[in-house]
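A short write-up of the structure that comes next.
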Amino acid sequence: GWSDTPPISYEYGGAVACLAITLGEDMVKPLSARCRRTARKGITLIVENRDIVTGNLVQEPTSLHLTKVKELSDYSDPTAPCALLKCALLALDVVPLSALDNGDLEFGPFFLDPQGNTFGLDLISTSLLPQGSGLGTSSILAGCILSSLGRCLRIPIEPNSLIPTILHLEQLLSTGGGWQDQVGGIYPGLKLCSAEINVMKPIQVNVTAHNLSPSMVDALNQRLFLAYSGQPRLAKNILQKVLKQWATRSPIIVRTVQQLVQGAHEVISTLTETENLDDLGRLMNEYWSQKKIMAGGAESGVEPIKIAKLLESLSDLLDGATLAGAGGGGFLACLLKEETTREEVRKAAQAEEDIHWFPCQICLEGLTSFTLNDDEDEFRLKWHSTNFLKCTL
């Protein structure tokens, strides 16, 4: 991570190794979005958070019904209701940014069928993950939203065009961020994503898929284990610290970015050539150390005390571990030692409160898009299954 983040990616170039996973005992893809045309004028935006096991709502959904374009004007505030959904409408140019200057303009002119009749829109995002998980939720969810919105409005979107569109969306949202999260979730399995130094032109992300042997997939499925720390974080806060660090161009920061890029290539060769998971554990530990340096050290808040204690209690059971995403909380990705069981890890971590463990598996299916039947208005957990595939984007 971090080498994918503007301006680092523009000024130095970046490389990140990404591995798509499913979560939970039923191995679900935890993010989705759905969009439908309605007879009611205006746009209804809904944000759902559901339980990963039952699919039940864990809290009342956030819901807005918008009738005028000016109601999108708080799109750049990530804490505003349905901000991600608002930014998707703008990033895909469904509603042009320039239209926000016309305060009383309604949405009708932007939603016309071939016969010239106006229609409304329902746009719903669903997450089965806790907020601030560090698993690239906002970026991957943005891809789901844009995909469903494009499919509903018959706007063709290819996976490679989704990457820069999501990057644009996150700039609108003011959260910043890079391109690794969306690549990690949109494309299946293991891949190396990279971008060359490119100061003057829009960034071009190259995605190279790497096949894992069946034995390596099985080994990773057995030894990867995720712990949710119970401590959410907003990546924007840590991002600001990292960009301030990069602005200094201190020797240690430049060297760390070099190591991050080199480490991405080493992860690929470790998983596909030597197939040595002990080396992968070492690279995970090095990666976590490098992320702490980029944020200004452990005292920056990137490694909460709770996480430091958990890592200490599990040190004899793990080959490697790193907080996902920017750090500061969220999910801890653990690579168990070869003979260690998940039950042993759970038992060793019992002293730490509010730690929730999730099994995971390598996901060999990327972002999918499909059309629902008219009678499927209510949420279905089966939509998140890797077997529920009708059309691959």
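Each number in this note's numbering corresponds to the 1-based position in the sequence shown with 1495 added. Virtual Cβ for every residue (Gly too), placed ideally from N, Cα, C. On a predicted model such as this, the values are computed, not experimentally measured, just so you know.
For Gly1537, the closest C-alpha among the options Val1553, Val1523, Val1590 is that of Val1590. Taking C-alpha positions only, Gln1753 is separated from Lys1696 by approximately 22 Å. Proximity to Ser1724 across Trp1497, Cys1829, Pro1609 peaks at Cys1829, based on C-alpha coordinates. The C-beta separation of Phe1614 from Arg1532 comes to about 5 Å, placing the pair in contact by the 8 Å criterion. In this structure, Gly1824 lies away from Gly1684, with their beta-carbon atoms at least 8 Å apart. Counting other Cβ atoms within 10 Å of its Cβ, Gln1757 stays below 16 and is therefore classed as exposed. Ranked by Cα distance from Ala1819, the first of Tyr1505, Leu1715, Phe1720, Ala1637 is Phe1720.
For Arg1535 and Lys1877, the gap between their C-alpha atoms comes out near 28 Å. Per DSSP, reduced to three states, the secondary structure at Gln1754 is helical. Taking C-beta atoms as the reference points, Ser1620 and Leu1644 fail to come closer than 8 Å. Exclusion of the five residues before and after Leu1518 leaves Pro1525, Phe1853, Cys1855 as the residues of its chain whose Cβ lies within less than 6 Å of its Cβ.
Under the three-state reduction of DSSP, Trp1852 is assigned to strand.
Arg1529 carries a strand assignment under DSSP once its states are collapsed to helix, strand and coil. Here DSSP, grouped into helix, strand and coil, assigns Thr1500 to coil.
At a Cβ-Cβ threshold of 8 Å, Leu1641 and Leu1579 do not count as neighbours. Between the alpha carbons of Ser1864 and Leu1623 lies a gap of roughly 18 Å. With a cutoff of 8 Å on beta-carbon distance, Leu1616 and Val1564 are scored as not near each other. Counting along the chain, no beta strand (DSSP E) covers Thr1562, and no H or E run does either.
Each of Thr1743, Pro1746, Lys1736, Glu1761 was checked against the Cα of Glu1794, and the nearest Cα belongs to Lys1736. In the DSSP assignment, Lys1832 forms no beta bridge with any residue. The continuous stretches of alpha helix (DSSP H) do not include His1705, which lies in the beta strand (DSSP E) extending over residues 1701-1705. For secondary structure counted as the alpha helix (DSSP H) over 4 or more consecutive residues, the stretch 1765-1850 holds these complete runs in sequence order: 1772-1790, 1800-1808, 1837-1843. Cα atoms of Asp1569 and His1663: separation of roughly 16 Å, rounded to the nearest angstrom. One thing to note: His1879 has its Cβ no nearer than 8 Å to the Cβ of Ser1571. The bridge partners DSSP lists for Asn1544 are Ser1622.
Fewer than three Cβ pairs drawn from the stretch 1742-1751 and the stretch 1828-1844 lie within less than 8 Å of each other, which leaves the two stretches out of contact.
With contact defined as three or more Cβ pairs closer than 8 Å, the stretch 1756-1770 and the stretch 1674-1688 are in contact. The beta carbons of Leu1806 and Ala1844 sit about 10 Å from each other, so the pair does not count as a contact at 8 Å. In the DSSP assignment, the residues bridged to Asp1617 are Arg1531, Thr1539. Secondary structure note for Cys1688: its beta strand (DSSP E) is the uninterrupted segment 1685-1690.
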